[in-house]
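According to the numbering used here, the sequence shown holds residues 2 to 80 in order. Here a beta-carbon is modelled for each residue, glycine too, at the ideal position from N, C-alpha and C. Nothing here was measured: the structure is a model prediction, and the numbers come from that model. Shown next, in structure tokens, is the structure this report addresses.
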Amino acid sequence: MYSQGTLTKENYGRDHHPRNFCMWLAGGGIKGGVTYGETDDFSYNVVANPCHINDLNATLLHCLGIDHERFSFKFQGLD
């Protein structure tokens with residue numbers, strides 16, 4: 002499903018699917034054949050196992066052998 006209509010036009014700076022996205026990961030210690038999370042029948046809302054971008058970044062850093070607790074900085078006062 003692809004939509005850039007008025008239904009999602011003002012969501013979070015993204016013109017389509019503002020609430021979820023997919024990503025393929027390979028190599029670097031990533032376990033193959035895993036699907037994580039689930040969306041509704043319209044692929045619009047997350048219904049199971051949401052993953053915050055900070056958690057994804059921490060996982061990627063871990064797979065690269067970098068301690069995410071030491072490799073962090075505040076962005077505009079946010080952590």
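Rounded to whole angstroms, how far is the Cβ of residue 64 from the Cβ of residue 29, which I believe are closer than 8 Å? 4 Å
CB contact flag (residue 20, residue 55, <9 Å): no
So, residue 38 versus residue 49, is the Cβ gap smaller than 9 Å? yes
With H, G and I counted as helix, E and B as strand and the rest as coil, what does DSSP make of residue 27? coil
State yes or no: is the C-beta of residue 26 within less than 9 Å of the C-beta of residue 61? yes
Put residue 60 into one of helix, strand or coil per three-state DSSP. helix
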